[in-house]
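Per full-length UniProt numbering, the sequence shown runs over residues 1 to 208.
Every residue gets a Cβ at the ideal spot worked out from N, C-alpha and C, and that includes glycine.
Model, not experiment: these values are computed from the prediction.
Input: a single structure, listed below in structure tokens.
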Amino acid sequence: MYSSFSTDPYLYIFLGGLLEVPSYLILWPALVYIGRKKSLVALYLICAVCIFAVMAIILIYPGGEQVAKVFFSQSGKVAVTAAFQLVWMYTAELFPTKYRSLAVGEASFCARVGSTSSPYINDILGGYTVWAPAALFGTVSLISAVLSLFLPETRHCTLPESNDFFSKKKDKEADRGGSKETSLEDVSQGVVNLSYNPETGQPGTERL
């Protein structure tokens with residue numbers, strides 16, 4: 001089976017589509033119990049580790065260890081598929097209504113550019129050095145994980161409806177007329193809006 005995995009396009013597409021099922025299954029509990037930010041960072045890191053593992057196998061055992069290469073490559077696919085679905089929701093939660101559609105559209109455009117150029121990158125770099133595409137893709141995944149650390153957590157928080165959510169006023173609740181909404185700045189500082197927490201149902205805020 002493994003010997004024909006890379007040469008049989010039907011088997012490759014079938015197994016690739018089948019492996020998207022666990023991607024969606026692991027994403028839901030991760031979002032509920034871990035949060036958006038930690039889940040995204042973890043998924044990018046898992047993808048990077050799997051890609052670098054494939055690169056190491058290519059360097060150490062050229063032409064061999066097909067089982068290990070298939071395992072790590074498909075494990076990375078599971079992680080990056082879950083991360084891709086998470087980014088769609090996370091992007092919409094990060095931006096206010098005025099810019100939400102624009103942000104999601106630009107993110108989708110960048111994703112299309114990446115998916116279109118990746119086969120050419122794989123063929124061109126792979127023609128020079130067989131491990132170069134894995135090194136590039138793994139590095140991009142690692143950089144994505146690091147950059148995701150600077151994003152705020154949006155779990156249990158209201159969606160920003162206007163630019164007022166980004167104001168840096170000291171007394172935010174007084175300026176909002178007693179509103180219990182949590183701004184994106186509050187989110188970045190670890191403040192959770194409990195009025196929208198289904199576990200407590202209590203108004204007010206609490207620092208993590």
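Distance between residue j and residue i (C-alpha atoms, nearest Å)
i           : j    : result
Y99         : A92  : 9 Å
S118        : I34  : 31 Å
G56         : A68  : The sequence given here has Ala at residue 56, not Gly. Approximately 11 Å, taken between the alpha carbons.
residue 212 : S144 : Since the first residue shown for the chain is 1 and the last is 208, residue 212 is missing from the structure and cannot be characterised.
W88         : Y44  : 15 Å
P152        : L94  : 8 Å
V78         : I124 : 25 Å
Y10         : A135 : 27 Å
E20         : D8   : 19 Å
V104        : G114 : 15 Å
V80         : L31  : 15 Å
Y12         : Y128 : 25 Å
A132        : A82  : 25 Å
T97         : A42  : 28 Å
N122        : G16  : 18 Å
C157        : K38  : 16 Å
P22         : S75  : 10 Å
Y120        : G126 : 9 Å
T116        : F14  : 21 Å
Proximity test, residue i beta-carbon vs the ligand PLP heavy atom, cut-off 6 Å
i    : result
I124 : This structure lacks the ligand PLP, and indeed carries no ligand of any kind.
Element boundaries [alpha helix (DSSP H), containing residue i]
i    : result
P152 : P152 -> no alpha helix (DSSP H), and no H or E assigned at all.
V113 : T97 to Y128
W131 : That residue, W131, is in no alpha helix (DSSP H); it is neither H nor E in DSSP.
P22  : E20 to Y33
E93  : Q66 to L94
Y44  : R36 to I60
Short Cβ contact (7 Å threshold) for residue i with residue j
i    : j    : result
C47  : S141 : yes
G138 : F52  : yes
V130 : I60  : no
V54  : F71  : no
L18  : L86  : no
R155 : Y90  : no
Inter-stretch contact at 8 Å, needing at least 3 Cβ pairs: the region 105 to 125 / the region 10 to 30: Contact between the region 105 to 125 and the region 10 to 30 is absent: fewer than 3 CB-CB pairs across the two stretches fall below 8 Å.
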